[in-house]
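Number of protein chains: 2
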Amino acid sequence: MSKKSYVSMSVIRRLPRYYRFISELKVQGVERISSQELSKNMNITASQIRQDFNCFGEFGLQGYGYNVSSLLEEIHKILGIELQHKTILIGAGNLGKAIIAHMDFEESGFVLQDIFDNNPEVVHQSIQGHKVRSTDTLSEYCKKERPEVAILCVPSDVVLTLCSELVENGVRGFWNFSHMDISQNFPDTVVENVHLADTLMTLCFRLKPSLEENN
Amino acid sequence: MSKKSYVSMSVIRRLPRYYRFISELKVQGVERISSQELSKNMNITASQIRQDFNCFGEFGLQGYGYNVSSLLEEIHKILGIELQHKTILIGAGNLGKAIIAHMDFEESGFVLQDIFDNNPEVVHQSIQGHKVRSTDTLSEYCKKERPEVAILCVPSDVVLTLCSELVENGVRGFWNFSHMDISQNFPDTVVENVHLADTLMTLCFRLKPSLEENN
Chain A
1 MSKKSYVSMS VIRRLPRYYR FISELKVQGV ERISSQELSK NMNITASQIR QDFNCFGEFG
61 LQGYGYNVSS LLEEIHKILG IELQHKTILI GAGNLGKAII AHMDFEESGF VLQDIFDNNP
121 EVVHQSIQGH KVRSTDTLSE YCKKERPEVA ILCVPSDVVL TLCSELVENG VRGFWNFSHM
181 DISQNFPDTV VENVHLADTL MTLCFRLKPS LEENN
Chain B
216 MSKKSYVSMS VIRRLPRYYR FISELKVQGV ERISSQELSK NMNITASQIR QDFNCFGEFG
276 LQGYGYNVSS LLEEIHKILG IELQHKTILI GAGNLGKAII AHMDFEESGF VLQDIFDNNP
336 EVVHQSIQGH KVRSTDTLSE YCKKERPEVA ILCVPSDVVL TLCSELVENG VRGFWNFSHM
396 DISQNFPDTV VENVHLADTL MTLCFRLKPS LEENN
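So the protein lines, in turn, are chains A and B.
Residue 215 is where the first sequence ends in the numbering used here, and the numbering goes up by one at each step.
Residue 430 is where the second sequence ends in the numbering used here, and the numbering goes up by one at each step.
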């Protein structure tokens, strides 16, 4: 499937964005699109787009552009969305609940199987059809159910202990909402950190009046 | 305050990460740190760290390293956190509520003033001490209260109309959780998009078994 065995993180990070834009085109009934048109919509140069798609093989035709459906199907395959990784979520507080309600996991390649919390008042509650389990039962659960991925909606101070337990029990991917970067501590796992405060601080910086004058 | 009038987006995007790491050091009681030690913790080269900090002026001493408190204070100033931008949040659904409960806005440079929703069942409810207002009153509110920033927790199909109304009424910054990129449509505003599904798809791609073998 892949033309090059090594694809840089910057290309990888653009793939979901392509997927999102091209999905939108399909919804709008667009059948084909050139790299120039994509470029205008996405604020990426046409040459960058051609180069990115080229990493995974040729799927455009000179003078015709890209067939929207085929392109979408290809990116779907490249992203591995059909793999539908077995996933658990830990920490059913406000953020955890919002993520459960807000995200379409299967659309992104994951099946949310179970939810865990350490608060006795939350354990046994039902969230979107999932009964919340106690984190006391986590190791036992993992040994039996073999989830591959954990979504971490827990405070920083518990995240390292929790991840050690999960990694020992076969979890190899983390979608991490805690404030702590865990990539360094678990180098053999795949970690995507979501640091919401980081993007908020970036917004703060970019709003500075002095920048408006200078840039 | 700033040494260079133009600072690249990649440096800017690293600043909140520095702030987060150095805040953590301060909490741990660390008084000074070298670029080498920071490098080990952050997975950024020491030379990159020195170069980044150099963009904003010199605040380290050869052979001594950086004073943690001063460094933190400097980055706080550089990020403009003291500006405390007047902010409103629109869309008090699951995601909106979680953001209100989860984020420490003032820590990131914002004051959440009011919350809006178009659902009559939600309007007048109280969330963390804020009474939810109707989006029908948005223009009138903006003319009077002059919020600078809006947090958008609304569906894609309403986001463009909503932003037009807000921009007309003086809002110039958006923290956008809707699925639609609005940067292209409002070039004179500052937009930080948070596309949660993008990071989830990136995780999916990075979990592909073929990548483990190749990389």
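We treat Cβ as the ideally placed atom computed from N, Cα and C, and that holds for glycine.
Ser35 of chain A has a beta carbon lying at 7 Å or more from every beta carbon in chain B.
Taking 7 Å as the threshold, the shortest C-beta distance from Ser39 of chain A to chain B does not fall below it. With respect to the C-alpha of Met318 of chain B, the residue from B:Gln340, B:Ile227 and B:Ile366 having the closest C-alpha is B:Ile366. Looking at the backbone, the Cα of Leu294 of chain B and that of Leu200 of chain A are separated by about 10 Å. Annotation: Ala92 of chain A has no Cβ neighbours in chain B at a cutoff of 9 Å; minimum Cβ distance is about 11 Å. Look at Glu73 of chain A: its C-beta is not under 7 Å from any C-beta on chain B. In terms of beta-carbon proximity, Val386 of chain B stays away from the interface with chain A, with every pair separated by 7 Å or more. Within chain B, the residues placing a beta-carbon under 7 Å from that of Gly109 of chain A are Met416 and Cys419, ordered along the chain. For Ile227 of chain B, the closest Cβ of chain A is nearer than 7 Å. Under DSSP, Gly93 of chain A takes part in no beta bridge, so it has no partner. When DSSP states are grouped into helix, strand and coil, Ile33 of chain A belongs to the strand group.
Contact note: Leu79 of chain A reaches chain B through Met416, Cys419 and Phe420, using a C-beta cutoff of 8 Å and chain order.
The Cβ of Lys208 of chain A sits closer than 7 Å to at least one Cβ of chain B. Remark: three or more beta-carbon pairs, one from each stretch, lie closer than 8 Å, so the segment 313–329 of chain B and the segment 95–115 of chain A are flagged as touching.
Within chain B, no C-beta atom comes less than 9 Å from the C-beta of Arg146 of chain A; the nearest is roughly 14 Å away.
With respect to chain B, the C-beta atom of His124 of chain A has no partner C-beta closer than 7 Å. Counting only runs of at least 3 residues, the segment 165–196 of chain A fully encloses the following beta strand (DSSP E) elements, listed from N- to C-terminal order: 173–176 and 190–193. Taking 7 Å as the threshold, the shortest C-beta distance from Leu162 of chain A to chain B does not fall below it. Looking at A:Val154, A:Lys86 and A:Pro155, the one whose alpha-carbon comes closest to that of Glu145 of chain A is A:Lys86. DSSP, read as helix, strand or coil, puts Lys359 of chain B in helix. DSSP places Lys77 of chain A within a helical segment (H, G or I) once states are collapsed to three.
Look at Leu327 of chain B: its C-beta is not under 7 Å from any C-beta on chain A. If you compare the alpha carbons of B:Asp413, B:Ala412, B:Ser393 and B:Gly388 with that of Phe401 of chain B, the shortest gap goes to B:Gly388. Restricting attention to B:Val242, B:His345 and B:Ala261, the CA atom closest to the CA of Ile305 of chain B is found in B:His345.
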